[in-house]
Each structure stands twice: as C-alpha cells, then as structure tokens.
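What follows is a single structure, written as structure tokens, with notes after it.
There are 2 protein chains.
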Amino acid sequence: MQNEEIQLASRPVGLPDEKTFRFVTTEMPTPNEEEILVKTLYLSVDPYMRGRMREGKSYVAPFAIDEAISGGVIGEVVESKSSNFQKGDIVTGMLNWARYQTVNETSVQKVNPSLAPISTSLGVLGMPGATAYFGLMDIGQPKEGETVVVSGAAGAVGMIVGQIAKIQGAHVVGIAGSQEKIDYLVNELNFDAAINYKDPDFKTKLKEACSNGVDVYFENVGGDISDEVFKRLNVNARIPVCGAISSYNNKEIDLGPRVQTLLIQNRALMKGFLVFDYIDRFPEGIKQLAGWMMEGKLKYEETIVEGFENTPEAFEGLFKGTNLGKLLVKVAEPSLT
Amino acid sequence: MQNEEIQLASRPVGLPDEKTFRFVTTEMPTPNEEEILVKTLYLSVDPYMRGRMREGKSYVAPFAIDEAISGGVIGEVVESKSSNFQKGDIVTGMLNWARYQTVNETSVQKVNPSLAPISTSLGVLGMPGATAYFGLMDIGQPKEGETVVVSGAAGAVGMIVGQIAKIQGAHVVGIAGSQEKIDYLVNELNFDAAINYKDPDFKTKLKEACSNGVDVYFENVGGDISDEVFKRLNVNARIPVCGAISSYNNKEIDLGPRVQTLLIQNRALMKGFLVFDYIDRFPEGIKQLAGWMMEGKLKYEETIVEGFENTPEAFEGLFKGTNLGKLLVKVAEPSLT
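Chains A and B are the protein sequences, given in the same order. The first sequence finishes on residue 337 if you use UniProt numbering, and the numbering steps up by one all the way, no holes. The second sequence finishes on residue 337 if you use UniProt numbering, and the numbering steps up by one all the way, no holes.
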C-alpha cells in the first residue's frame, strides 16, 4: 500500500505557486513501539506557514527543501502500538502533510468528537482560537465601552477576536476584504461595524466607525490598512501584533510610516506574540472558548476544501482573501463513521 | 523695571530658525495673594518641545502663537505672597521662558540647594532623570547580563539610561554622533561600547557590540539608526519609546521598514511613554537617582549656554547634536550667593 506526502520543492519568491510544492509517493509506514499510525482527516493551512517557507531566523525553524511540510492536522488512529491510544481515536497535532504517518504517542492530543465537530480542533477550539483568546485578553485587555478594531476580521483568528471583544462589552469594528465578509461580520457575528478595505471610502468609514478612537487594535494584516488604524489610536492604546499577512509575500522591504512618534503621543503598546508562548495556558483558553460556544456566544465558520490534492491551491488562496473563517482541507472521512 | 519673554512667533516648518522665536519686552509683574515672583536662573531646552511648536493633537497642548514658550525652569523667589515660600527659595516648575514671572504657589516645587547643584533639578534629578529611570526600569526591565542599547546616548536622558542599565548589570551599548561623545561614554561612564552612527562601519560595529543580540532598546532617535537596532532584537525584547528626535523636524512623513513582522518573530514589546505618566512616582525615582549619585554610581553632564538671549540658538542646537548631557541656558546668578 502506498502513501503520499507534500514536500517543499523550492522556497517561494513572492506568492507561492506550482513550483513551491511537490507531491511525492512514499511507502506506507508501520508504527514502532509507543507509536501510532495516523490517517489524516483534515489539515490546516495557515498564513504563518508562509514564514516557515523562508530561510533564516524566524520563530520556528524553516521547512526543509525536499521534506514534507508540516502543520496542524486532525487524524484517526488506524494502528496503535501505544497504550495511550486505540484504533479509532481522533487526534490532533503538528504533523506532516501526508495521507498517513507514524508519530510518537507524545506528539498528538486526543480530540473528543462528542464535544464539537472534530474540525473545530484546528479552528475555534484549536490554535486559531487560542491565538485570538490570548492575544486579545492578555495583550489587548479590552474593557467595556472601549473600541476594538480587528483586521483580517473574517479570518480564522479575526472572527473569534471580534466575538470575544463583544463578549467583553467592547464596540467592535472589523476590517475585511469583501461585501460578503462585511455582511457576515455585522449580520451573523454582531460586529458593531465592518469595513471593506477595498472601499474607496475606507478611511472615512473607518473614522466614522471609530468615532471614539481606537483602544485596542488586533493586528493581523500590517501594511497600509494598519497605517490608517494607527492614526486613530487613543491614549493608552494596546496593539497585539498577531500577523502581517499583507507583507508575507513581499519581495521588497515593506516600507511605511514609522510608528515611534504615534506610540509616544498615545503612550501606546505594541507587542508581537505567538500562540506557542501561551502553550502552558492552552487548556484554560480552550475551556473558555468551548464554554462561550456552548452558551451560543461564540460562532465559528469554516471554509473546507475537499481533497489532499487541492492543498497547494488552498494554501495559495489564503493570500487571495477568499476564505471565510478557518480554511481547512478535508483529506479523508473517518473510517468508523 | 522691565521684563522680557520669548514668544512663539510662528510654527516652524522643518528646523526652528530666527522666524520661530520673538523676544518681547513686558511689564514687570507683581504677585497677588498665594503667588510668588520668580526670577529665572536656568531654563531647560528639550527635544520634546519641538512637538509643542506643531499644531494639532499631541500629548500636551501646542504652544500658542504670540504667547510665551514654557518649559522646565529653575528660579529664585524674589518676592512672596505665599506662606509656603520665602524670598531666596529656589524653585522649579514648568514655567515661561521669561526673566521674571509670577506663579501660583502650587505651580512650583522647592529645590534643596544643599543636596546637589541646583541645575541638576532640570537634569539628572529632574525630568530627564525620571524619564530615564521610569522608561528603563518600568518598560525596559533590564536583567543582569542582558544587552541594553540606548540611542541619543550622550544626551540628557540617554547617558542616565546607560548608567542605570550598568547598575543593573547589563551589557550597555550607546549610540551617539561624535567621537568626543563616544569617548566620553566609554571612558567616563563605563559603557561597554559606544558607536558613532556617522561611522561608515556603523552597522558592522553595532553587530559586533551586540554579539548576543539586543534585549532592551531605549529609543530616543527613531529613523534609520533605530531600523538597524531593530534587526538585532532578541526574543522577548523590550523597547521603551521615549523619543524620535530624528523625525521631529521632518516635513514629510517619516517612512521606514514596518515593524510588525519583527515584533512577531521576536515577541517584542514596544511601548511609548511620557515621563508625566509617572508623575505620582516621581519622588521614588528622584530618591533612587540621588542615592546612586551619592554612591558615585551615577554621573551627570551638563552643557550650559550663558544668557537668556542665546536661548533660541541653544534650542536649535539640540537638533544639531552638539550638546553633551543636559543642555541648559543660564539666565542669571542667584541674588543671594
């Protein structure tokens, strides 16, 4: 029986394309002691992975050329040599983009399929949810009546950020890139306002939506969208810096207005963070998110691309802004349903 | 008897020049109840004052056209209608650039002339000292063995920052603009290294001096000097943003590399602050600084320009980088010495 994985064929310059990825047929692996054989059900494509395709210093090691790309995966245990896992268990972890793989029992966590659809463990109850929760609550610290702006608001992290901010009693303004997304944020997620950054009146609309200034800016996109938000900061503003997706594929240095003077004038705080910084507090975050979900205060949205073979296109789509909510690739059905 | 004050004649575009200031002869004022008549002995010229010459939103109200400029002043009480002050008392406060002025008794604090030269209450034991202390200790939080870089290192704030960082056991690197300043920082203040940003090998020397990266960057200057420091940040770096003197006289928007990605990669914190944010804790800061001064751990340096009539030139000199340490104008001798 054969297996298949997706390798990094070459480091992209600018947007990833067909030269970036390579499908490779491999042998079906067999688990050793304390290992399990995992069949991939869903895999996650995330903007941060673009950084790992680049060489050089970053927060995690770059992907190696001619090796499998890895990221968030949900899988089913199809064979177990671990006493902790049984055939049929659903697990999640940072695993390879492969149809099947063997992993050590310590590399994955069990997912409870009775709690919520298993795909949520890559979204609202997984890394994107934890990213939103810790970045907003720990760095942003929104207070009742404050104005919270979130960019990339219709993305996996952004839509959770906005909903948590609403739960905290903030006035929430989302920035996204299509009318469909804007409508979704306002009508389905009850954002107080949402603005399309492609709108020629973006600046005016942002100003109107933030008539009391901006107390928290949850930064997902960087670039000139953010430059506009920075102009509206209030004294003691907080800016959790989660991502800068607009610059990830830049070939040139990303130039913009220097922020020092604005930070001084507003005694503002900017802090970059990674969800991995909060790994010890994950259970706290996921528990709170699950609680809000049960109470009906927190909705989630997924865009699911069908088929392992469509993974490269799904990844490339992240930078075209087509996904609403968490973007996932569905690789296979669980065997036991 | 006549008095004299310096008014803002027009808002400068770019560097302040002779059109910016106007000397005006005024009447000698007489104090009302609860007021004192203060004779100016020293006045302080500081980079932040450039911001107040600009119209529009900033952290303090802009100076008004055709009104006296105000800033840090040390004066002598020459007449008192306040029970809290006697003739001969030395006082300091945010007062007008005038040879004489009446002020309410609540607008000034007494200076103890037996503790240290009175001019230090505009420098190491005044606002610049408190700026260095709170910015570094509260936001920078240097730890033993960490690398602390300070720009504007030979200025009033910078040289105190570097010395406090040394007291905390950090490896201290100063950035300044002349060989004289570099020599002073290394030889007199025991900085571990100091680098001239005008040196063609600035980048290489900065890299060498920060061979373990940068844990704290105390930002006084902004611009492309700071861009270079940002490239060397370590994980969990802290950047107290105190000033951006390189941009204060810019006529155009100050463009540079956007910082978001660097902040994420390094989980770095940037926080703008004003010394006034710490006004409640001033006594704590000044007491600690005075203690270190008594113990011989903290030196200070002043550049004193003689004569009220030379105040505009002294202010303009701030942006030419000619001063070593605190730049003061000596307006008069105390009457009673």
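Where a beta carbon is used, it is the ideal one built from N, C-alpha and C, also for glycine.
query = Could you give the C-beta distance for residue 208 of chain A and residue 151 of chain A, rounded to a whole number, given that I count them as a contact under 8 Å?
reply = Position 208 of the first sequence, counting from 1, holds the residue named residue 208 of chain A. Position 151 of the first sequence, counting from 1, holds the residue named residue 151 of chain A. The Cβ separation is near 17 Å, so there is no contact.
message = I want to check one thing, is the minimum distance from the CB of residue 278 of chain B to the heavy atoms of the ligand FAD below 8 Å?
response = Absence of the ligand FAD from the depicted structure is noted, as is the absence of any ligand whatsoever, leaving it without description.
key: Outcome for residue 243 of chain B when other beta-carbon atoms lying within 10 angstroms are tallied against a minimum of 16   = Taking the second sequence and counting its residues from 1, the one referred to as residue 243 of chain B is at position 243. That one is buried.
ask   = With a cut-off of 9 Å, does the C-beta of residue 210 of chain A fall near any C-beta of chain D?
value = No chain D is part of this structure, whose protein chains are labelled A and B.
task = Would you please verify whether the beta carbon of residue 271 of chain B is less than 9 Å from any beta carbon of chain A?
result = Translated into positions along the second sequence, residue 271 of chain B becomes position 271. At least one chain A Cβ lies under 9 Å of residue 271 of chain B.
Short CB-CB distance (under 9 Å) between residue 14 of chain B and chain A = One-based indexing of the second sequence puts residue 14 of chain B at position 14. So, not an interface residue.
Cutoff 9 Å: residue 266 of chain B Cβ touching any chain A Cβ = Against the second sequence, residue 266 of chain B aligns to sequence position 266. Yes, residue 266 of chain B counts as interfacial toward chain A.
inquiry  = Taking its Cβ as the centre, do 16 or more other Cβ atoms sit within 10 Å of residue 260 of chain A, making it buried, or is it exposed?
reply    = In the first sequence, the residue the question calls residue 260 of chain A occupies position 260. Its Cβ being crowded by 16 or more others within 10 Å, residue 260 of chain A is buried.
ask   = How about residue 254 of chain A: is its C-beta nearer than 9 Å to some C-beta of chain B?
value = Looking up residue 254 of chain A in the first sequence gives position 254. It does: the Cβ of residue 254 of chain A has a partner Cβ on chain B nearer than 9 Å.
task = Using a Cβ cut-off of 9 Å (strictly closer), state whether residue 52 of chain B contacts chain A.
result = Your numbering for residue 52 of chain B matches position 52 in the second sequence. Taking Cβ atoms only, chain A never reaches closer than 9 Å to residue 52 of chain B, which makes this a no.
task = Check the C-beta distance from residue 290 of chain B over to residue 115 of chain B and give it rounded, since I have them as a contact under 8 Å.
result = The residue labelled residue 290 of chain B in the question sits at position 290 within the second sequence. The residue labelled residue 115 of chain B in the question sits at position 115 within the second sequence. That belief holds up - the Cβ atoms of residue 290 of chain B and residue 115 of chain B are roughly 7 Å apart, short of 8 Å.
key: Cα-Cα separation between residue 122 of chain B and residue 193 of chain B, rounded to whole angstroms   = Taking the first residue of the second sequence as position 1, residue 122 of chain B is located at position 122. Taking the first residue of the second sequence as position 1, residue 193 of chain B is located at position 193. So the two alpha carbons sit approximately 27 Å from each other.
query = Is residue 257 of chain A close to chain B, meaning its C-beta is less than 9 Å from at least one C-beta of that chain?
reply = Locating residue 257 of chain A in the first sequence gives position 257, where the first residue counts as 1. Interface residue, yes.
For residue 144 of chain B, the nearest candidate out of B:42, B:311, B:165, B:136 (CA to CA) = By 1-based counting over the second sequence, the position of residue 144 of chain B is 144. Out of B:42, B:311, B:165, B:136, B:165 has the C-alpha closest to the C-alpha of residue 144 of chain B.
task = Within its chain, find whatever has a CB closer than 7 Å to the CB of residue 167 of chain A; leave out the 5 residues flanking it on each side and keep chain order.
result = Locating residue 167 of chain A in the first sequence gives position 167, where the first residue counts as 1. Excluding residues within five positions, the ones whose Cβ falls inside 7 Å are 292, 297.
Whole runs of the alpha helix (DSSP H) within the segment 2-78 of chain B, excluding any shorter than 4 residues = 49-52, all fully within the segment 2-78 of chain B.
query = Just by C-beta distance, which residues in the segment 125-152 of chain B are closer than 7 Å to chain A?
reply = none
query = chain A beta carbons: is any one of them nearer than 9 Å to that of residue 280 of chain B?
reply = As a position in the second sequence, residue 280 of chain B is number 280, starting the count at 1. Not one chain A Cβ lies under 9 Å of residue 280 of chain B.
message = Rounding to the nearest angstrom, what Cα-Cα distance links residue 136 of chain A and residue 156 of chain A in this structure?
response = Stepping through the first sequence from its first residue, residue 136 of chain A is reached at position 136. Stepping through the first sequence from its first residue, residue 156 of chain A is reached at position 156. Using only the alpha carbons, I get a separation of about 14 Å.
ask   = Can we say the segment 194-208 of chain A touches the segment 171-185 of chain A, given the rule of at least three CB pairs closer than 8 Å?
value = Yes, the segment 194-208 of chain A is in contact with the segment 171-185 of chain A.
key: Chain-ordered neighbours of residue 241 of chain B on chain A, where CB pairs are closer than 7 Å   = Stepping through the second sequence from its first residue, residue 241 of chain B is reached at position 241. Within 7 Å Cβ-Cβ: 260, 263, 264.
query = If we cut at 9 Å on Cβ distances, does residue 344 of chain B have a partner in chain A?
reply = The structure shown does not extend to residue 344 of chain B, since chain B is modelled only from 1 to 337, so the question has no answer here.
task = Return the bridge partner residues of residue 175 of chain B from the DSSP annotation.
result = Residue mapping note: residue 175 of chain B aligns to position 175 of the second sequence, counting from 1. B:151, B:195.
key: Residues that DSSP places opposite residue 101 of chain A in a beta bridge   = As a first step, residue 101 of chain A is located in the first sequence; it is residue number 101 there, counting from the start. Residue 101 of chain A pairs with A:38.
task = Count the other C-beta atoms from every protein chain shown that fall within 10 angstroms of the C-beta of residue 99 of chain B, then say buried if there are 16 or more, exposed otherwise.
result = Locating residue 99 of chain B in the second sequence gives position 99, counting from the first residue. Counting Cβ neighbours within 10 Å, residue 99 of chain B comes out buried, since at least 16 surround it.
query = Thinking C-beta only, is residue 311 of chain A closer than 9 Å to residue 325 of chain A?
reply = Residue mapping note: residue 325 of chain A aligns to position 325 of the first sequence, counting from 1. Residue mapping note: residue 311 of chain A aligns to position 311 of the first sequence, counting from 1. In this structure, the beta-carbon distance from residue 325 of chain A to residue 311 of chain A does not fall below 9 Å.
message = Distance cutoff 9 Å, beta carbons only. Does residue 219 of chain A sit that close to anything in chain B?
response = Counted from its first residue, the first sequence places residue 219 of chain A at position 219. So, interface residue.
request  = Pull up the distance between the alpha-carbon of residue 84 of chain A and that of residue 105 of chain A, whole angstroms please.
outcome  = For this step, residue 84 of chain A is matched to residue 84 along the first sequence. For this step, residue 105 of chain A is matched to residue 105 along the first sequence. Cα-Cα distance, rounded: 7 Å.
query = For residue 132 of chain A, does the count of other Cβ atoms within 10 angstroms reach 16, so buried, or fall short, so exposed?
reply = Position 132 of the first sequence, counting from 1, holds the residue named residue 132 of chain A. With 16 or more Cβ atoms within 10 Å of its Cβ, residue 132 of chain A is classed as buried.
message = Checking 9 Å against the spacing of the C-beta atoms, do residue 81 of chain B and residue 33 of chain B come in under that value?
response = Locating residue 81 of chain B in the second sequence gives position 81, counting from the first residue. Locating residue 33 of chain B in the second sequence gives position 33, counting from the first residue. Yes. Within cutoff.
query = chain B beta carbons: is any one of them nearer than 9 Å to that of residue 158 of chain A?
reply = Looking up residue 158 of chain A in the first sequence gives position 158. So no, residue 158 of chain A is outside the interface.
query = Beta-carbon separation of residue 55 of chain A and residue 22 of chain A under 9 Å?
reply = Taking the first sequence and counting its residues from 1, the one referred to as residue 55 of chain A is at position 55. Taking the first sequence and counting its residues from 1, the one referred to as residue 22 of chain A is at position 22. Taking 9 Å as the cut-off, the Cβ atoms of residue 55 of chain A and residue 22 of chain A do not count as close.
inquiry  = Taking DSSP's pairing of strands, which residues face residue 90 of chain A in a bridge?
reply    = Locating residue 90 of chain A in the first sequence gives position 90, where the first residue counts as 1. In DSSP, residue 90 of chain A forms a bridge with A:76.
message = Just to confirm the assignment, what range does the beta strand (DSSP E) spanning residue 272 of chain A have?
response = Along the first sequence, one-based indexing puts residue 272 of chain A at 272. That run of the beta strand (DSSP E) goes 269-272.
task = Establish whether the CB of residue 206 of chain A and some CB of chain B are separated by less than 9 Å.
result = Here residue 206 of chain A refers to the residue found at position 206 of the first sequence. Residue 206 of chain A does not count as touching chain B.
ask   = Residue range of the beta strand (DSSP E) that residue 217 of chain B falls in?
value = Taking the second sequence and counting its residues from 1, the one referred to as residue 217 of chain B is at position 217. Looking at the DSSP string, the run of the beta strand (DSSP E) that includes residue 217 of chain B is 214-218.
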